[in-house]
Amino acid sequence: MNYWPFYLFLISYFTIVKSNHLNNVGINNNITSVIKNKKVYGKWYFGGIASCGAALITHPLEVIKVHLQTQNRYDPEAKNFFNIILYIFKTYGILGFYAGISGSLLRQITYSTARFALYEFFKSTFLLLKNENPNTDVPFNYKIILAAFAGGISGLIGTPGDLVNVRMQNDIKVCVKKKRNYKNALDAIYVIIRDEGFMALFNGATMAILRAIAITIGQIAFYDQFKYIIISSSLFNLSDGIITHLIASIAASSTGTLLTQPIDVIKTRMMNAHIEEYGSIIEYITKTWKSGPLNFYNGFFPAWIRLAPHTTFIRAFVVLKVTDFVEKYGRNLTINDFDALPGFKNKIKEIGRPAIILLNKYALNITLNFLCNIESFNETKSKVLLLSFDDLSYNVLTKSFPNIYVYRFHSKPLEEKFKRGEGTYQFFQYFRASLSAYLTKVVDEFWMIQCDTIWRDDLFKNIENNESLKLENSYKVLLDSESDEGLLKNMTAGGYFKVKSSKETFDLFNFVKKNLENRLVTDNNMMSQYCYKYVTSKKDEALCKFIPTTIMSNWRLNVEKVKNLPLFLQYDGGAGSEEKFKKFEEIGALFVNLSTYNSGKISCIKERSDNPKESLKINLIMKESKAQNKLNILDRGLCWMAEFLINTFPFLEYYMRSWIYPDFSYILTI
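Numbering-wise, UniProt numbering puts 255 at position 255 of the sequence shown, and it's gapless, one number per residue.
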């Protein structure tokens, strides 16, 4: 037997240990693409732990698959999927489905840990070599190559665990004479080395490598690509949510199973062989072919249904990772901590009733555009307080808009790019809730606003002077709205809210904070839940009021139901800052002249900033909104189903609003 797998195994293993992270210093200082001292860490520990958790759930399917793969389907004694389930249950009980679980965990600790670490490492390194942001997407052809390398090396690393796993699972099927009777995975390794030699641990390594290459392409690269296609395609018009994840998981799982099943069958048979049954790959392929070509797809069904929950469960572990991230960095966000910030409290009191904008360099372009959008609204500008989380955005903002308040807040996690389902995004929401709770203690009222909105008029004056809203002392929190009708009525989109300071509003934001510490939810969903429960328990006291979408729209805008385009247009459909910025260019909402960027300073397009209402391409906006509304069939279909249930069974509304929707973010991100 050749010794190359052993040597390659050692080299690969120590390479992973040594190279689990690298430093990346970006060299592009362009305002639209800045990377400064960004660290890229291989998620080796997280991938391994998540895969072990997934294996605990899907192991019974793995046992059934191995039993199917090691038999000839044409033999009279061959069992089908359901017969194997009955046989295992009757003979060994429930525990029979967990035969070889220690081998499965050993395999995941070695194989999956390396697979995720190497794929992330190769992908980040590839982007760094091209001087690109490590958060950007990799072209599909390169994803295939990177995934293949990651899968191949990790397949070799995981071969001993895989071999032990197969043998221990199959042991409950064979007669007493052929049983190996390994006590556990470590005992199996000891016995194999003692009786068959060390290199016997790598029996079937070639097929394991081929399978790992194929499954990594299918489960990681194809998942990545299917998800990208779904999100970017106008045909689906879906954001990074539950439906996108399920479709991408099923598509990637199906692709991976089709690619790997013949390889997996040969690998399993080689690993399960006794020493007197050893043979070459060609011999096993020939033998399997002669016994019937369909034997190459033995165990296809359990293999297929195993991959989807396995992939999903791995991503469910993001909850633990995210909440741990918030716990680690959220300890210094108490009222006393904010009070201790140099000059922060004085700056807030100087403004009086601030309108807070939070940003880092990844939202700088869209923030500059927004500030140019409101350039002619002098009273509004005097209320704006920009909390900048990095030096680049702070310097550009202070130089470009010297008359607007800017405060540099130091927090390493808030300097990173926010992505749904990751710790930085959860922490950003936690910071916003903590800041809001603090502000209720130091000012009479404040606004929290986002820059992904086009103002065709002065929002603050419009709200204060709008008699149709009937705002006279009728609320403590004024929020933007998901919709004006149906289930989404009185649910906030979360981008804009005005708060009147009181014990009730302080309690609201503390409630949001506590939930963000322990659950993967969004702050707007928790605010919606709190508002609903408050209304149902204290009907005579108004806590929350909502801005109609006829005044401030969001991505759900149905232009066929409105006579005029809303004065305030939120582009909050899940796209990133750069995508939103490009959209603004298309619809005539580009107010900033980035070509004037010189030494960290920009200027506005004066003719547009002076009259923002006239600069927009209204017909194009209406046309695109109408088209998008028709494409959101799935989203609206789900809402229609929920509303139908509520109308049919009114008692369900309480549970729908109180429990299902608040946890919607959890479903979206796994």
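Every residue, glycine too, gets a C-beta built ideally from N, C-alpha and C. Since this is a predicted model, take the numbers as computed values, not measurements.
Reduced DSSP category for residue i - H, G, I as helix; E, B as strand; rest coil
| i | result |
| --- | --- |
| Gln-261 | helix |
| Phe-497 | strand |
| Leu-565 | coil |
| Val-592 | strand |
| Ser-411 | coil |
| Leu-652 | helix |
| Met-448 | strand |
| Ser-483 | strand |
| Lys-489 | strand |
| Ser-603 | strand |
| Ser-291 | coil |
| Gly-299 | coil |
| Ser-553 | strand |
| Ser-376 | coil |
| residue 671 | Since the first residue of the chain shown is 1 and the last is 670, residue 671 is not available in this structure. |
| residue 679 | In the structure displayed, the chain extends from 1 to 670; residue 679 sits before or after that span and is not available. |
| Val-166 | helix |
| Thr-522 | coil |
| Arg-180 | coil |
| Pro-76 | coil |
| Val-34 | For Val-34, the predicted model reports a pLDDT of 34, less than 50, meaning its position is unreliable; a value from the coordinates is still stated below. Here Val-34 sits in coil by DSSP. |
| His-67 | helix |
| Ser-280 | coil |
| His-59 | helix |
| Glu-416 | coil |
| Gly-256 | helix |
| Val-25 | Bear in mind that a pLDDT of 31 at Val-25, under 50, signals an unreliable position, so the model cannot answer this. |
| Ala-248 | helix |
N-terminal and C-terminal residue of the beta strand (DSSP E) that residue i is part of
| i | result |
| --- | --- |
| Val-477 | 477-480 |
| Thr-453 | 453-455 |
| Phe-568 | 568-570 |
| Glu-464 | From DSSP, Glu-464 is part of no beta strand (DSSP E) but of the alpha helix (DSSP H) over 459-465. |
Span of the alpha helix (DSSP H), counted from its first residue to its last, around residue i
| i | result |
| --- | --- |
| Ile-335 | 335-339 |
| Ile-357 | Counting along the chain, Ile-357 falls outside any alpha helix (DSSP H), though it belongs to the beta strand (DSSP E) covering 355-359. |
| Ile-547 | Element bounds for Ile-547: not the alpha helix (DSSP H) but the beta strand (DSSP E), 544-547. |
| Leu-385 | No alpha helix (DSSP H) holds Leu-385; the beta strand (DSSP E) holding it covers 384-388. |
| Arg-608 | 606-609 |
| Asn-332 | Segment: none, Asn-332 is in no alpha helix (DSSP H) and carries neither H nor E. |
| Met-199 | First-last for Met-199: undefined, no H or E at that position. |
| Pro-171 | Looking at the sequence shown, residue 171 is not Pro but Asp. From DSSP, Asp-171 is part of no alpha helix (DSSP H); its letter is neither H nor E. |
| residue 673 | Since the first residue of the chain shown is 1 and the last is 670, residue 673 is not available in this structure. |
| Gln-429 | 423-442 |
| Ile-88 | 81-92 |
| Phe-344 | 344-351 |
| Glu-614 | 612-615 |
| Tyr-394 | 391-400 |
Of the residues the options, the one placed nearest residue i, counting alpha carbons only
| i | options | result |
| --- | --- | --- |
| Lys-383 | Ala-150, Ala-340 and Phe-460 | Phe-460 |
| Ala-273 | Gly-96, Cys-531, Lys-143 and Gln-71 | Gln-71 |
| Thr-58 | Thr-648, Glu-77, Gly-100 and Leu-616 | Gly-100 |
| residue 675 | Ala-355, Leu-414, Tyr-284 and Asn-360 | Because the chain in this structure spans residues 1 to 670, residue 675 falls outside the shown range and cannot be described. |
| Gly-161 | Ile-64, Gln-108, Ala-251 and Thr-125 | Gln-108 |
| Trp-659 | Leu-368, Tyr-532 and Gln-429 | Tyr-532 |
| Gly-352 | Cys-372, Glu-379 and Gly-292 | Glu-379 |
| Ile-551 | Ile-605, Asn-564, Ile-215 and Ile-281 | Asn-564 |
| Tyr-278 | Leu-333, Phe-506 and Glu-196 | Glu-196 |
| Phe-401 | Asn-515, Gly-299 and Leu-385 | Leu-385 |
| Phe-82 | Ile-64, Ser-436, Leu-478 and Tyr-98 | Ile-64 |
| Gln-450 | Leu-516, Asn-554 and Met-491 | Asn-554 |
| Asp-457 | Leu-368, Lys-123 and Phe-568 | Phe-568 |
| Asn-369 | Ser-411, Ser-595 and Ala-248 | Ser-595 |
| Asn-298 | Thr-549, Lys-399 and Gln-69 | Gln-69 |
Cross-strand partners of residue i (DSSP beta bridge)
| i | result |
| --- | --- |
| Tyr-405 | Leu-385 |
Legend entry - the region 582-597 touching the region 611-624, judged by at least three CB pairs closer than 8 Å: The region 582-597 is in contact with the region 611-624.
Inset, instruction - May I ask you to verify whether the region 442-453 touches the region 507-527, counting CB pairs closer than 8 Å and requiring at least 3? - result: These segments do not touch.
Inset, instruction - Please confirm if the region 151-164 is in contact with the region 205-217, defined as three or more CB-CB distances below 8 Å between the two stretches. - result: With the cut-off at 8 Å, the region 151-164 and the region 205-217 touch.
Legend entry - contact_flag[the region 287-303, the region 256-265] where n(CB pairs < 8 Å) is 3 or more: Output reads yes: the region 256-265 touches the region 287-303.
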